[in-house]
Amino acid sequence: MNLLDLDARWRRLNDPDYSCPCCGQSFGGLVDMGFEEPDAWPFGERGDAEVFEAGDDKLSADLCRVGERRFLRAILPLPVRGAEDAALFALWAEVAPEDFYATLDAIDAGTEPPACPATLANELPEFGLPDGTLVPGTEAERPTFRAGSGPLAEVQEAGLSFDALLDLYAALGQDIRPHLQG
């Protein structure tokens, strides 16, 4: 038996039939979170537009250019200790312009983009903006961000406690703790 299975909040989070008694909210598993733009994007939300353009700066669902800076959308998996699944965060990573264009060329050619150095471009509480590597996904997947060192790399290796994950959700504006109390 997994220790998480003894936590009533964990069971409620993963029970597709559970709904919060105060509001009816249901989860059915770990909550994936996403950032719509890199923190450096100064022009507001993209909304329903396929591409938001402001002068030479552009933002799409997966690519961003702000001045001379280039960003790619990526996935940050954070394993939860004792769970089979990881919490997934869709965020942005800053890459060198040459790596940005090498990625675009590879996508256009139908080949796998190369792994490249990157810096997280959305600040996560407790983790900051660490350096790491973008590891290519399959053709239909976004690349994965792997932190090079520091607290985020440690969490990617060892996993987060369930309480730390709930704290992270709350710090990012999605406090689900009250909805798991039963």
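Take any residue in the sequence shown, note its place counting from 1, add 490, and you have its number in the numbering used here. Ideal Cβ positions, reconstructed from N, Cα and C, are used throughout, including at glycine. Everything numeric in this text was worked out from a predicted model, so none of it was measured.
Nearest to residue 538 by alpha-carbon distance, out of 546, 551, 531, is 551. Taken in chain order, the complete alpha helix (DSSP H) segments of 4 or more residues contained in the stretch 592 to 653 are 641 to 648. Just measuring C-alpha positions, the residue of 632, 626, 629, 619 sitting nearest residue 642 is 619. A contact between stretches requires three or more CB pairs, one per stretch, nearer than 8 angstroms, and the stretch 593 to 609 meets this requirement with the stretch 621 to 635. The beta carbon of residue 554 lies closer than 6 angstroms to those of 528, 561 in the same chain, with the five residues before and after it left out. For residue 590, no pairing in a beta bridge is given by DSSP. Beta-bridge pairing by DSSP links residue 554 to 549, 561. In terms of CA proximity to residue 531, 556 leads the group 660, 654, 556, 644.
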